[in-house]
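What follows is a single structure, written as structure tokens, with notes after it.
Protein chains: 2
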Amino acid sequence: MKKVINNPDQVVEEMLEGVVLAHPQYVKRVKGFSVLTRANSPSPKVALVSGGGSGHEPSHGGFVGRGMLDGAVAGAVFTSPTPDQILEAVKAVDGGKGVLLVIKNYTGDILNFEMASEMAASEGIQVENVIVNDDVAVENSTWTTGRRGIAGTVFVHKIAGAKAEAGGTLTEVKLVAEKVIANIRSMGMALAPCTVPAAGKPSFVLAEDEIEIGMGIHGEPGTHREAIRPADEIVTHLMDKILADLPVASGQEVSVIVNGLGGTPIMELYIVNRKVAEILNGKGVKIVKTYVGNYMTSLEMAGFSVSVLKLDSELKDLLLAPAETPAFVQF
Amino acid sequence: MKKVINNPDQVVEEMLEGVVLAHPQYVKRVKGFSVLTRANSPSPKVALVSGGGSGHEPSHGGFVGRGMLDGAVAGAVFTSPTPDQILEAVKAVDGGKGVLLVIKNYTGDILNFEMASEMAASEGIQVENVIVNDDVAVENSTWTTGRRGIAGTVFVHKIAGAKAEAGGTLTEVKLVAEKVIANIRSMGMALAPCTVPAAGKPSFVLAEDEIEIGMGIHGEPGTHREAIRPADEIVTHLMDKILADLPVASGQEVSVIVNGLGGTPIMELYIVNRKVAEILNGKGVKIVKTYVGNYMTSLEMAGFSVSVLKLDSELKDLLLAPAETPAFVQF
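First to last, the protein sequences are chains B and D.
With full-length UniProt numbering applied, the first sequence closes on residue 331, and no number is skipped along the way.
With full-length UniProt numbering applied, the second sequence closes on residue 331, and no number is skipped along the way.
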């Protein structure tokens with residue numbers, strides 16, 4: 001294992017310190033916890049908290065800031081944060097209008113976030129949860145019942161965050177988050193695995209010419225492995241799966257995320273986007289906004305995922321609203 | 001070689017198509033050329049053009065937009081763009097106030113950009129050049145006489161771009177670009193090489209526990225190879241070299257880029273930033289703004305570079321001015 005780290009047991013702590021040192025305009029640390037909040041938290045609005053295992057940077061701390069999250073909780077690498085950590089985030093960001101927890105559909109995350117929300121409720125904080133399950137690849141998986149939550153989660157942060165910023169009530173923010181979740185589908189592929197620092201060896205192994213289709217962001221098995229093919233064929237396969245589950249009519253407006261998994265050249269992400277756009281344009285779909293980059297990574301995994309979000313006028317306006325966070329700035 | 005591409009000979013063309021399809025709000029293509037300009041080019045201000053070999057995405061097309069570049073020219077992977085391509089960019093963006101070419105110090109780039117600027121001058125366009133040479137690692141190198149230009153170039157795009165946006169004359173924009181260049185120093189390291197698609201094999205080879213210090217963004221040799229060490233020791237070495245060449249006094253304001261080379265987990269970039277900030281803070285230096293991410297990559301190379309820019313009040317104001325481009329948004 002060759003990594004730019006000091007001690008495998010300290011990577012999350014040192015990463016969080018590095019984030020706060022880089023972006024004090026946006027984020028601060030809750031002392032003694034693996035929790036980042038907005039530099040000016042709490043604010044008198046509905047607050048959003050997300051989180052999960054570390055290793056998916058810039059998720060989730062990179063999306064803390066105006067127009068997106070209020071707090072992010074970082075677990076150990078690929079490990080759910082514990083309820084006490086999540087509770088601390090909720091307490092730190094609650095400004096009296098309630099807190100929405102954005103949870104990705106992994107069994108550990110759901111258990112811990114739900115336990116934290118019960119603990120918060122018992123302290124008198126209004127808490128609601130939504131569960132993101134955008135990955136169409138497989139039903140049920142190593143750590144999941146149902147579908148996994150992957151990069152489409154960033155759309156939930158963005159749109160529900162804009163709704164909260166605009167003064168939406170907790171019920172309204174939860175409803176719009178659920179509408180986003182109902183309208184996102186994602187799927188990914190990997191060329192090469194990643195190595196969790198504390199494990200010291202790759203989470204899976206692929207042959208020299210082999211790729212994995214539909215794997216999860218922790219290296220969970222996908223639908224199958226196959227020999228490497230041209231990018232356009234791979235993208236066509238992923239888009240077929242996505243659009244089979246999320247039919248789009250001509251004239252439909254959408255937004256797209258082409259997400260790098262950490263080790264993928266940006267050049268390749270744009271080659272992927274070329275085919276994604278060609279497929280959508282070919283169906284008469286209007287792409288309102290495309291995001292290309294590393295939004296929800298798997299350490300240095302090589303590969304990508306595509307997320308498609310169907311928009312209506314409410315979702316479109318909230319998507320295009322300003323945001324200012326370490327990893328997502330828009331105005 | 002396992003890559004998400006269609007044809008090694010088409011990667012630049014397909015990447016450019018993917019960029020325009022992703023970001024039509026910001027960029028458009030000059031038909032028949034590997035040139036991206038602002039969607040609303042030309043505009044009646046001094047224009048900035050940069051470029052170089054492809055494979056360094058988001059450099060340079062990702063920085064085309066309000067407050068930064070007006071045009072970017074993409075060569076073949078790791079190969080300078082030809083003079084006719086550069087000339088086309090200059091002609092496309094000139095709004096009558098002149099064009100500044102921002103060139104990184106590689107022999108091929110300098111030859112071709114200078115030839116293009118002579119051709120443009122002969123067509124009556126006012127053109128000036130600046131040459132970026134921020135890499136303190138080595139004097140002279142595979143494709144360079146003097147020092148190489150690397151990720152610090154992004155500071156030139158940002159600050160000279162802001163000066164042009166504010167209505168600076170060509171002379172003023174060139175002068176501020178030269179002031180930036182005089183005040184940036186950078187240095188990098190690699191854990192693993194990258195593979196140019198058309199070559200099909202890695203540009204260099206490192207042993208299982210070996211890293212290269214001071215290599216270039218095309219895999220040019222650095223100062224030495226050594227066994228992997230803790231991140232803090234590697235960063236300390238790079239910062240010693242940078243600050244030996246760019247002395248900073250207590251109270252000095254700076255900006256920092258921790259730049260990923262394409263295959264580096266974002267987590268590791270933040271672990272690097274933690275030590276960079278600790279070293280600068282320890283000297284009483286004030287870090288005004290830190291950028292962490294993939295700004296000038298080497299395809300999927302694993303590693304990073306650090307760039308430090310000394311600020312005065314003019315450079316600081318221009319650095320913090322708004323910008324809106326595919327890969328750099330600030331407001």
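By construction, the Cβ of each residue, glycine as well, lies at the ideal position given by its N, Cα and C atoms.
- When the five nearest sequence neighbours on each side are left out, the beta carbons in the same chain lying within less than 7 Å of the beta carbon of S117/B are those of L101, V127, N129, in order along the chain.
- With a beta-carbon spacing of about 15 Å, G61/B and A76/B fall beyond the 8 Å limit used to define contacts.
- Taking 8 Å as the threshold, the shortest C-beta distance from R66/D to chain B does not fall below it.
- In chain order, N6 make up the part of chain B whose C-beta sits under 7 Å from the C-beta of D232/D.
- Counting only runs of 4+ residues, the alpha helix (DSSP H) found wholly inside the region 66–130 of chain D occupies 83–93, 107–122, in chain order.
- Counting the other Cβ atoms within 10 Å of the Cβ of L280/D gives 16 or more, which makes it buried.
- Here DSSP, grouped into helix, strand and coil, assigns V12/D to helix.
- Within the same chain, A198 come within 7 Å of D9/D by CB-CB distance, once the 5 residues on both sides are set aside.
- If you draw a straight line from the Cα of S141/D to the Cα of E139/B, it is about 53 Å long.
- Contacts with chain D (Cβ-Cβ distance below 8 Å) from the region 42–58 of chain B involve S54, G55, E57, P58, listed in chain order.
- L36/B and G55/B have their C-alpha atoms spaced approximately 15 Å apart.
- Only G260, G262, G263, T264, P265, I266, M267, E268, L269, Y270, I271, V272, N273, R274, K275, V276, A277, E278, N281 from the region 260–281 of chain D bring a Cβ to less than 9 Å from some Cβ of chain B.
- Residue pairing by DSSP places P202/B opposite T195/B in a beta bridge.
- Judged by pairs of C-beta atoms under 8 Å, the region 282–299 of chain B does not touch the region 38–51 of chain D, as fewer than three such pairs exist.
- Residues of chain B whose Cβ lies closer than 9 Å to the Cβ of V93/D do not exist, since the nearest Cβ in that chain is about 22 Å away.
- Between I103/D and M15/B, the CB-CB gap reaches or exceeds 8 Å.
- Around V19/D, the beta-carbon contacts reaching into chain B at under 9 Å are Y270, N273, R274, V292.
- Between V288/B and S255/B the beta-carbon gap is near 6 Å, inside 8 Å, which marks them as a contact.
- Taking a C-beta distance under 8 Å as the contact criterion, L87/B and L69/B do not qualify as a contact pair.
- Per DSSP, reduced to three states, the secondary structure at F331/B is coil, with no helix or strand assignment.
- M187/D has a beta carbon lying at 8 Å or more from every beta carbon in chain B.
- For F63/D, no CB of chain B lies under 8 Å from its own CB, so it is not counted at the interface with that chain.
- Scanning S59/B, K91/B, L111/B for the CA closest to the CA of S122/B turns up K91/B.
- Three or more beta-carbon pairs separated by less than 8 Å link the region 300–312 of chain D to the region 176–194 of chain D, which places the two stretches in contact.
- At a cut-off of 8 Å between C-beta atoms, H23/D counts as an interface residue with respect to chain B.
- Annotation for E226/B: no alpha helix (DSSP H) segment contains it, though the beta strand (DSSP E) segment containing it runs 224–227.
- Note: E278/D is not bridge-paired with any residue in the DSSP secondary-structure output.
- For the region 198–223 of chain D, the residues whose beta carbon sits under 9 Å from a beta carbon of chain B are, in order, L206, E208, D209, E210, I211.
- Rounded to the nearest angstrom, the gap between the Cα atoms of T195/D and L170/B is 50 Å.
- Beta-bridge annotation (DSSP): N259/B is paired with G293/B, S305/B.
- Note that the C-beta distance between V11/B and M267/D is below 8 Å.
- Residue environment for V329/D: buried (at least 16 other C-beta atoms within 10 angstroms of its C-beta).
- With a threshold of 8 Å between beta carbons, Q85/B makes no contact with chain D.
- Interface annotation, T325/D: not in contact with chain B, CB-CB separation never under 8 Å.
- Residues W143, T144 of the same chain have their beta carbon placed closer than 6 Å to that of Y106/D, with the five preceding and five following residues left out of the count.
- Look at D232/D here: in three-state DSSP terms it is helix.
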